[in-house]
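Student: Offset between the sequence shown (1-based) and our numbering: plus 6.
Every residue gets a Cβ at the ideal spot worked out from N, C-alpha and C, and that includes glycine.
No experiment lies behind these values; they were computed from the predicted model shown.
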Amino acid sequence: MNKLDLRLVNIMQYKMPLREGGSLPALALADDGFTYVVKFRGAGQREKALLAELLGGEIARLLGFKVPELVLARLDPAFGQTEGDEEIQDLLKSSQGLNLGLHFLSAAVNFDPAAVSVSTELASAIVWLDAYITNVDRSFRNTNMLMWHRELWLIDHGASFIFHHTWDNWEKHAKGPFPSIKDHVLLPGAEKLEEVDSTFKQILSPESLWRIVNSLPEEWLEAMGEPGTVEIWKQVYLDFLLLRLKHSKTFVNQAQDARKALV
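1) Does the count of Cβ pairs from the region 112-131 and the region 44-51 closer than 8 Å reach three?
2) Measuring alpha carbon to alpha carbon, tell me which of H155, S211, P194 ends up nearest K266.
3) Here's a check: name, in chain order, each residue in its chain whose Cβ is nearer than 8 Å to the Cβ of S112, leaving out the five neighbours to either side.
4) So, for E93: in the same chain, excluding its five sequence neighbours on each side, which residues have a beta-carbon less than 8 Å away from its beta-carbon?
5) Taking the alpha-carbon positions, what's the A84 to K188 distance?
6) Would you identify the three-state DSSP class for P1, choosing helix, strand or coil?
7) Report, in whole angstroms, the separation of the C-beta atoms of V133 and H190, which I expect to be a contact under 8 Å.
8) Would DSSP call W173 helix, strand or coil?
9) Just to confirm before moving on: does the CB-CB distance between G62 and S214 stay below 7 Å?
10) So the candidates are F46, K72, E64; which of them puts its Cα closest to the Cα of D96?
11) Between the region 157-172 and the region 210-229, do at least 3 Cβ pairs fall closer than 8 Å?
12) Quick check: the Cα distance between V15 and N259, rounded to an integer number of angstroms?
13) Measure the C-alpha to C-alpha separation of L244 and W176 and round it to an integer number of angstroms.
14) Unbroken beta strand (DSSP E) runs of length 3 or more, entirely within the region 117-181: which are they?
15) Alpha carbons only, please: which of V73, V142, I139, D136 is nearest the one belonging to L108?
16) Give me the residue from P212, R147, W239, L152 with the minimum Cα distance to N8.
17) For P23, report the span of its beta strand (DSSP E) as first-last.
18) Assign F146 to one of two classes, buried (16 or more other C-beta atoms within 10 Å of its C-beta) or exposed (fewer than that).
19) Measuring only the C-alpha atoms, how far is R144 from D136?
20) Take the Cβ of L268 as the centre, count every other Cβ of all protein chains shown within 10 Å, and call the residue buried at 16 or more, exposed below.
21) In terms of DSSP beta bridges, what is R106 paired with?
22) Could you give the first and the last residue of the continuous alpha helix (DSSP H) run that contains A32?
23) Apart from the five residues on each side of it in sequence, which residues of its chain come closer than 8 Å, Cβ to Cβ, to L69?
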């Protein structure tokens, strides 16, 4: 089947909440013996955040970025019944079924732009990615990047694909600029956006993008409560990605203009 080979794990032990963000992800042990940062479908933007996380993370991986392995993480109905924190217990009760896990990078540290130098090529590539997937969450306030074994890793793409929170005028979003790029933590060093644009447009073929889109779990798509069918929603995601790629000059030019204002 033309889709990603995502592994399915079962969450066995809730270890601790991660309270840095508003969606209350957690460290949890799975039945494969590994620890994952689990993003729960019952939190914040619910399934749409998980859909964006999977799409954004796997597109980043396709483009050659380092991204923790993403797995589908199943939560048993009985899980969390002994949890003493009522907020966490409510979250776990509303997150039964499939959730999303990111392989935990033990001893990784948050990226600090003042302490770590990033090449112009890598900075340009990450800025391009975030403008492409409309990721509002890679700012100085919240870089969503980790340093692990002296390499830069991208995490947390759940705030991407902002069009799917309304589904209105998705074509306009696909063709349009991305104003939030002006706040991107790596924008000052993004000197090679045009070169990156040319390279990435060769990699992001319709077939490769469909393989990612087709991996979105039907369980999450159906839970959105939007009118339509799973097939329609997948097609919209694919069409958005292809149309945005076709009009990439719009967000590239905007990023370049925003960078000029900074440097």
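Tutor: Checking against the coordinates, here is how it stands:
1) no
2) P194
3) T41
4) L30
5) 45 Å
6) As displayed, the chain neither begins before 7 nor continues past 269, which places residue 1 out of reach and without an answer.
7) 5 Å
8) coil
9) no
10) F46
11) no
12) 42 Å
13) 11 Å
14) 151-154, 157-160
15) V73
16) P212
17) 14-23
18) exposed
19) 8 Å
20) exposed
21) The identity of residue 106 in the sequence shown is Leu, whereas the question assumes Arg. According to DSSP, which records beta bridges pairwise, L106 is partnered with K45, L78.
22) No alpha helix (DSSP H) contains A32, which is instead part of the beta strand (DSSP E) from 32-36.
23) A131, L135, F206, I209, L210
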